[in-house]
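S.K.: Numbering (the numbering used here), first residue to last: 2 to 111. Quick one: structure below, then a few questions.
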């Protein structure tokens, strides 16, 4: 009986050892899979971070360009207003000159 029990214990211990080895191998494979997926996620994160940085830089450049364009537009509006005022003043002067010439001719004809 003692030998049977020892043999039974030995078989149980061997089975436990084999199960532990199989479990260790399974866990090692899972760990490798997880590590591989993690590496893939890290690479993707780096790509997304780079893309986000580029996008942010493009957005900043576009904002600067928009600001410059708006300033230029404002300057053009002021320039147009100045030209319009100058044009109106010229028209007034020419109208006065025309009226003066017409009045001179009317006076000369009388």
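Idealized CB from N, CA, C, for every residue including glycine.
Can you list, in chain order, the residues of its chain with a C-beta nearer than 7 Å to that of residue 28? Leave out the 5 residues immediately preceding and following it.
M.R.: None.
S.K.: Which residue marks the beginning of the alpha helix (DSSP H) containing residue 16, and which one marks its end?
M.R.: Element bounds for residue 16: 3–110.
S.K.: Excluding the 5 residues preceding and the 5 following residue 59 in the sequence, name in chain order all residues of the same chain whose CB lies nearer than 6 Å to its CB.
M.R.: Cβ within range, chain order: n/a, list empty.
S.K.: Output the distance between the C-alpha atoms of residue 89 and residue 68, rounded to the nearest integer angstrom.
M.R.: Distance between the alpha carbons of residue 89 and residue 68: 31 Å.
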